[in-house]
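Q: Input: one structure, supplied below.
The following block contains the structure:
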């Protein structure tokens, strides 16, 4: 689940699986300050074992105040019926965040 702070335009993120770009650019329309969430679904056939899922904010912008800032928030993730505990972060810049999923 994701949400974002929209300033000028909606936040956009890219996803990776094991370091390889997955899908295109994902635009986040759910507003973080209003408690909204948005689902991004990742589906594929990966071998058994641990896999790294990455997320990066592509269009970060800061206008000097909290009202003039564009951010993305990873609120949570799951694989099958399992919650991924470490999958929660505020993406306040263009640094990439990653977490592991065991298949």
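In the UniProt record's numbering, the protein residues as written are 1 to 103. By construction, the Cβ of each residue, glycine as well, lies at the ideal position given by its N, Cα and C atoms. Bear in mind the structure is a predicted one, so any value in this text is a computation, not a measurement.
1. With DSSP run on the structure shown, which of helix, strand or coil describes residue 81?
2. Residue 16: which of 51, 72, 38 sits nearest, CA to CA?
3. Is it buried or exposed for residue 83, if we count other Cβ within 10 angstroms and need 16 for buried?
4. Taking the C-alpha atoms as reference points, what is the distance between residue 64 and residue 70?
5. Which residues in the same chain as residue 7 place their Cβ atom closer than 7 Å to its Cβ, once the five residues preceding and following it in sequence are excluded?
6. Return yes when the Cβ of residue 11 is within less than 7 Å of the Cβ of residue 72, no when it is not.
7. Cα separation between residue 34 and residue 24?
8. Rank 46, 28, 27 by C-alpha distance to the C-alpha of residue 79 and give the top, closest one.
9. Look at the alpha carbon of residue 74 and the alpha carbon of residue 49, and state the distance between them as a whole number of angstroms.
10. Do the CB positions of residue 56 and residue 96 come within less than 7 Å of each other?
A: Here's the rundown:
1. Locating residue 81 in the chain shown gives position 81, counting from the first residue. Residue state, collapsed to three classes: coil.
2. Mapped onto the chain shown, residue 16 falls at position 16. Comparing Cα-Cα distances from residue 16 to each of 51, 72, 38, the minimum goes to 51.
3. The residue you call residue 83 lines up with position 83 of the chain shown. The residue is exposed, with fewer than 16 neighbouring Cβ atoms inside 10 Å.
4. On the chain shown, position 64 is the one that residue 64 refers to. On the chain shown, position 70 is the one that residue 70 refers to. Straight-line Cα distance between these residues: approximately 11 Å.
5. Translated into the one-based positions of the chain shown, residue 7 becomes position 7. For residue 7, where only same-chain residues beyond five positions count, the Cβ hits under 7 Å are 61, 63, 68, 69, 70.
6. Your numbering for residue 72 matches position 72 in the chain shown. Your numbering for residue 11 matches position 11 in the chain shown. Contact check for residue 72 against residue 11 passes: the beta carbons are separated by less than 7 Å.
7. Within the chain shown, residue 34 is the residue found at index 34, counting from 1. Within the chain shown, residue 24 is the residue found at index 24, counting from 1. Answer to the nearest angstrom: the Cα atoms are 26 Å apart.
8. Position 79 of the chain shown holds residue 79. When each option's Cα is compared against that of residue 79, the closest is 46.
9. Within the chain shown, the letter at position 74 stands for residue 74. Within the chain shown, the letter at position 49 stands for residue 49. So the two alpha carbons sit approximately 23 Å from each other.
10. The residue you call residue 56 lines up with position 56 of the chain shown. The residue you call residue 96 lines up with position 96 of the chain shown. The Cβ-Cβ distance between residue 56 and residue 96 falls below 7 Å.
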